[in-house]
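What follows is one structure encoded as structure tokens, with my remarks underneath.
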Amino acid sequence: MQLTQAFLPGDLALFGHIQPLRTTVAIAPLGKTIEAGSYLQFSVTPKLTNAVWTIRGVDGEADGIGSIGDGLYFAPTQTQLKKDTLTVMVTVQGVLQGVAVKSSTLVSVIHTAIQVGDIYFMCEIGSTKLIQATTLRDDVLTFRVVNSSWGSKLQAVEGAINHRLYTAGTNMDPEVTYPVDVVEIRGSVSSVYIYIVLMKAGLVSLPVVIDESSDPAQGCVRFVLLGNQGPVESVKWSLLAGVGSIDEATGIYTEPDTIPVGSLVVISGVVKIPGITVSGLMAVPLPLSRYVEIIESVNRSIRLSRLY
560 MQLTQAFLPG DLALFGHIQP LRTTVAIAPL GKTIEAGSYL QFSVTPKLTN AVWTIRGVDG
620 EADGIGSIGD GLYFAPTQTQ LKKDTLTVMV TVQGVLQGVA VKSSTLVSVI HTAIQVGDIY
680 FMCEIGSTKL IQATTLRDDV LTFRVVNSSW GSKLQAVEGA INHRLYTAGT NMDPEVTYPV
740 DVVEIRGSVS SVYIYIVLMK AGLVSLPVVI DESSDPAQGC VRFVLLGNQG PVESVKWSLL
800 AGVGSIDEAT GIYTEPDTIP VGSLVVISGV VKIPGITVSG LMAVPLPLSR YVEIIESVNR
860 SIRLSRLY
């Protein structure tokens with residue numbers, strides 16, 4: 560039960576009679592959770608005359624809450640969903656035995672019904688990692704490595720329909736410092752993606768940090784490769800995974816105006832010195848403005864670790 564409007568001080572009480580007709584009207588189903596882009600059929604018992612179905616966001620959302628007609632609710636798509644979750648009140652109003660009645664229920668819309676343990680990890684070439692996924696209704700999911708050039712594979716796991724054993728490939732390109740695999744996990748309505756950075760042996764790594772002059776709340780930051788004497792010069796920056804853009808010369812990353820829920824960005828910096836290649840990478844959750852404190856905390860920890 561959720562209070563949406565109140566017109567009386569909390570120390571007052573009202574006495575009277577419950578309208579019997581109002582208590583006999585039932586809407587179904589109650590308290591359901593569905594994923595973005597799906598639909599749900601509601602019904603009301605007994606049948607009402609001139610039934611009208613309406614929806615509204617319980618947190619005051621005016622748009623991006625979906626639509627309803629004849630009790631059939633269409634949830635907003637993933638791109639329309641502005642937050643991780645959305646709660647909508649579904650109401651039906653009509654006439655029963657000459658009396659106006661109504662009934663309501665809540666439905667929660669989540670970005671996807673698929674949950675995974677990691678959406679990003681690193682894996683040494685030739686090594687394995689167990690990928691696990693779950694769904695709201697234990698649906699069978701499909702897994703695939705998207706356009707892998709490295710020879711990576713996925714194997715089914717006996718007794719676990721939504722688990723796969725990932726084996727990082729070994730077909731490496733010497734010109735690619737950080738090979739990346741993308742694993743797609745697809746359900747009946749939506750998909751999620753896991754980004755895997757394949758780690759080569761013998762890499763000379765330096766930490767990547769965000770320049771102290773950057774303000775993540777503005778959606779734009781500058782990455783630097785941190786050496787013993789400060790930022791390394793002449794670094795070539797790349798966007799390994801995620802959305803947005805990065806200037807390969809300056810390391811300035813700009814997030815897009817529209818960011819899919821649950822996004823992250825993985826960037827790398829590489830500098831070639833005669834006889835050696837030095838590099839580093841960093842993963843940052845999006846939008847930047849939501850994770851300012853986390854980003855700043857990680858940034859401080861990395862910088863402090865360079866002092867010891």
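Be aware that the sequence shown starts at 560, since it is given in my numbering, and climbs by one per residue.
Yeah, the Cβ is synthetic: ideal placement off N, Cα and C, and Gly gets one too.
- The alpha carbon of PHE601 has as its nearest neighbour, out of PRO833, ASP629, LEU757, the alpha carbon of ASP629.
- Sorting GLU734, VAL699, THR726 by C-alpha distance to the C-alpha of ALA719 places VAL699 at the top.
- In this structure VAL651 does not touch VAL666 by the C-beta definition: roughly 13 Å separates them, more than the 8 Å allowed.
- Look at the beta carbons and you see the segment 770-778 not touching the segment 793-802: under three pairs across the two are nearer than 8 Å.
- For GLY676, the closest of ILE835, GLY821, VAL851, SER597 by C-alpha to C-alpha distance is GLY821.
- Taking the Cβ atoms as the reference, THR687 lies roughly 10 Å from SER711, outside the contact range of under 8 Å.
- Taking 8 Å as the cut-off, the beta carbon of VAL668 is found closer than this to the beta carbon of LEU640.
- In terms of Cα proximity to SER827, the closest of LEU765, ASP732, GLU814 is LEU765.
- In this structure the segment 624-638 touches the segment 584-597; the number of beta carbon pairs closer than 8 Å is three or more.
- Per DSSP, ARG723 is one residue of the beta strand (DSSP E) stretching across 719-726.
- The Cβ atoms of VAL756 and VAL794 lie no closer than 8 Å to each other.
- The Cβ neighbour count for ARG849, taken over all protein chains shown within 10 Å, is under 16; the residue is labelled exposed.
- DSSP links GLU594 through a beta bridge to ILE669.
- The beta carbon of CYS682 is closer than 8 Å to those of LYS688, TYR725, ALA727, ILE755, VAL756, LEU757, MET758 in its chain, skipping five residues each way along the sequence.
- In the DSSP assignment, no residue is bridged to LEU700.
- In this structure, VAL837 lies near VAL791, with their beta-carbon atoms less than 8 Å apart.
- If the five residues before and after ASN609 are omitted, its C-beta is found closer than 6 Å to the C-beta atoms of GLY653, VAL654, all from its own chain and listed in chain order.
- Along the segment 614-681, the beta strand (DSSP E) occurs as fully enclosed runs of 3 or more residues at 626-628, 631-633, 644-655, 658-669, listed in sequence order.
- Judged by beta-carbon spacing, LEU589 lies within the 8 Å limit of THR664, meaning their Cβ atoms are closer than that value.
- Spatial neighbours of VAL705 in its own chain (CB-CB distance under 6 Å, excluding positions within 5 residues in sequence) are listed in chain order as VAL741, GLU743.
- When DSSP states are grouped into helix, strand and coil, THR729 belongs to the coil group.
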